[in-house]
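Asks: Mind looking over this structure? Questions follow.
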Amino acid sequence: KYFDMNKKQCRDALDLYKKFLIRMDRVGEFLKVAENVGIDKGDIPDLTKAPSSLLEALEQHLASLEGKKGSAANTPTQSA
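Numbering-wise (full-length UniProt numbering), the sequence shown opens with residue 1 and increments by one.
Here it is, written out as structure tokens:
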């Protein structure tokens, strides 16, 4: 569905996805602490991370909608 959205919807969805990734990292850190204090590993869910290529594909699609030729990370910046 992401690839069928308009530019504003893609931007909003990408921002939401980035926030989701941050929260999932925090949950993973919390679960490591829980395991270290003795919570049974069987009670801790397996949180498999999405591949970084997914985030890159989402960013590239948004960049293409915005008329950019590549993602911002690939664009050289000028130093002052």
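In this text, a Cβ means the ideal position worked out from N, Cα and C, and glycines have one as well.
Can you list, in chain order, the residues of its chain with a C-beta nearer than 8 Å to that of residue 27? Leave out the 5 residues immediately preceding and following it.
Replies: For the purposes of this step, residue 27 is identified with residue 27 of the sequence shown, where counting begins at 1. 47.
Asks: Around the Cβ of residue 66, are there at least 16 other Cβ atoms within 10 angstroms (buried) or fewer (exposed)?
Replies: As a first step, residue 66 is located in the sequence shown; it is residue number 66 there, counting from the start. Exposed is the call here.
Asks: Which stretch, first to last residue, makes up the alpha helix (DSSP H) that contains residue 24?
Replies: As a working mapping, residue 24 is identified with position 24 in the sequence shown. That run of the alpha helix (DSSP H) goes 7-36.
Asks: From what residue to what residue does the alpha helix (DSSP H) around residue 63 run?
Replies: Numbered from 1 along the sequence shown, position 63 holds the residue referred to as residue 63. 52-65 is the extent of the alpha helix (DSSP H) around residue 63.
Asks: Just the Cα atoms here: how many angstroms apart are residue 6 and residue 61?
Replies: In the sequence shown, counting from the first residue as 1, residue 6 sits at position 6. In the sequence shown, counting from the first residue as 1, residue 61 sits at position 61. Rounded to the nearest angstrom, the two C-alpha atoms are 11 Å apart.
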